[in-house]
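Chemist: Residues in the sequence shown are numbered from 107 upward in steps of one, following the numbering used here.
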Amino acid sequence: MSGHGDPRPMRAERGGALSGEAHVPGDKSISHRSLILGALSVGETRIRGLLEGEDVLATAAAMRAFGAEVTRDDAGEWHVHGVGVGGFGEPEDVIDCGNAGTGVRLIMGAMATSPITATFTGDASLRSRPMGRVTDPLALFGAKAHGRTGGRLPMTIVGASSPVPARYTLPMASAQVKSAVLLAGLNAPGETVVIETEATRDHTERMLAGFGAAVRVEDTNEGRVITLTGQPELRPQSIDVPRDPSSAAFPVAAALIVEGSDVLVPNIGLNPTRAGLYETLRDMGADLTYENIRDEGGEPVADLRARYSPDMVGIEVPPERAASMIDEYPILSVVAANARGRTSMHGVKELRVKESDRIDAMAVGLRAAGVTVDEGPDWWEVEGMGAGGVPGGATVEARLDHRIAMSFLCLGMASQKPVTVDDAAPIATSFPIFTGLMTGLGARLT
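#1: Kindly list the residues whose CB is nearer than 8 Å to the CB of L506, restricted to its own chain and excluding five residues on each side of it in sequence; keep chain order.
#2: Let's test the definition: count the other Cβ atoms within 10 Å of the Cβ of R254 and tell me whether it reaches 16, buried, or not, exposed.
#3: With a 10 Å radius around its C-beta and 16 neighbouring C-beta atoms as the bar for buried, classify D350 as buried or exposed.
#4: Enumerate in chain order the residues of its own chain whose CB-to-CB distance from R380 is below 7 Å, with the five nearest sequence positions on each side excluded.
#5: For I332 and V300, which I take to be in contact (beta-carbon distance under 8 Å), what is that distance rounded to the nearest angstrom?
#6: If I measure Cβ to Cβ from D199 and keep anything under 8 Å in the same chain, skipping five residues before and after, which residues do I get?
#7: Over what stretch of residues does the beta strand (DSSP E) that includes G482 continue unbroken?
#8: For A279 and D484, I'd like the C-alpha separation in whole angstroms.
#9: So, helix, strand or coil for G490, using DSSP?
#10: Of all the beta strand (DSSP E) runs that stay within the bounds of the region 144–208, which reach a length of 3 or more residues?
#11: Leaving out five residues on either side along the sequence, give the residues of the same chain with a beta carbon under 6 Å from the beta carbon of G366.
#12: Is it true that the region 130–140 meets the region 173–183, where meeting means three or more beta-carbon pairs spaced less than 8 Å apart?
#13: Give the DSSP bridge partners of P406, in chain order.
#14: Where do the ends of the beta strand (DSSP E) carrying L334 lie?
#15: Quick check on the DSSP output: the beta strand (DSSP E) that includes R446 runs from which residue to which?
#16: Could you give the residue range of the beta strand (DSSP E) that holds A549?
#17: How many angstroms separate the CA atom of A445 from the CA atom of T241?
#18: Looking at S450: is its Cβ nearer than 8 Å to the Cβ of E422?
#19: Just grab the DSSP bridge partners of Y414 for me.
In structure tokens, the structure reads:
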């Protein structure tokens, strides 16, 4: 799983209107956490709607390697028979997390306070990403990390034999780091405290509480303070995974920029810590509405309807919104290129250390397609060319990054000339049905 094999180029060209229902996969963040918390529970957790992309399947394989029984039945429901908090066994082989940055960081946290040793690797993209942001706070519990120069994979984590609770203030807005620390705190006695000055997606806190852990969340002068009482007995759950708002971003964005389109994306999770893109699109004047708003399993859910929006305008995206939409800036830049005026995105340095340097990847590709882009260390700006105004005609590098690949394919659906992505294979890590879903709506992908 540490490589994608031969590149698979894909071309997108302008066609007719997109229409119909887009049933996107289950939420990736919740899918990862469902498997991990199920493995740390005593008894059987049942999961419906799990995202069956490569990233999540890598986490399922890792939970098996640590001793949990993880199976899928013929109806598509997943069953996790957990080993309990502190019950992880030592894996017999290297844990290959493929492209899954969320998976590897959360798994490191979950095993860091058990007296076991595990070695982690991944594909070329994951091996280039920094792990020190996770291993530094895990050291506070007593865990040790041995990796390549710069704190990169392959990396061996030696779990703490006598873990102690930790108090940690996040130096950056990162739900992955926060979650790794909280998962480590499960097997440490006493209270583990995480302080974040900027709120990030809160699935871990919600799901820990749902599995029976004692979690307190308080807003203080220090920031948002999350306190977890260690060594609980987690109770298995039945989980219905809502559909992924980050995956929904692609059919939504394509509908907004392809003339005549009207697309409904049902059952999308709209946790406020994840919905920043949709707020931003509405601020730009997108015809985007929420239908059938409801609550499922403690998470707000709605059906999203997106219609072609030729009058969108560029805006300055509030920097404080970045944490709630960090994965969606690439596709936002595609929408911005089809709006009128300049869209400014600041406070986004986290994009530099994702599966790729996403600011650079999108800037290079957009410029090749005829769009003006300015950038700095933690900001970038896209000069919109109006509805249908992007020349296109470029071949761009996906850089082993699923979101870069899908973003440029959406660009090609609305540009004057086709856009080709050099390798669409990484899309399978998060959205394995992307091609079939988009062509089913009317997109021309070859």
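Backbone N, C-alpha and C fix where the C-beta goes; we use that ideal spot for every residue, glycine too.
Modeler: Short version:
#1: H110, N205, D229, A230, S231, E461, S462, D529 and P532
#2: exposed
#3: With 16 or more neighbouring CB atoms inside 10 Å of its own CB, D350 falls in the buried class.
#4: R307, P351 and S430
#5: Rounded, the Cβ-Cβ distance is 5 Å, consistent with contact.
#6: A171
#7: From DSSP, the beta strand (DSSP E) with G482 extends over T478 to G482.
#8: 13 Å
#9: Looking at G490 - three-state DSSP - the assignment turns out to be strand.
#10: List check, beta strand (DSSP E) in window: 148–154, 175–178 and 184–189.
#11: A123 and Y414
#12: no
#13: Secondary-structure assignment with DSSP links P406 through a beta bridge to D401.
#14: R330 to T335
#15: R446 to H452
#16: Premise fails: A549 is in no beta strand (DSSP E) and is neither H nor E.
#17: 41 Å
#18: yes
#19: The partner list for Y414 (beta bridge, DSSP) is empty, contrary to what the question assumes.
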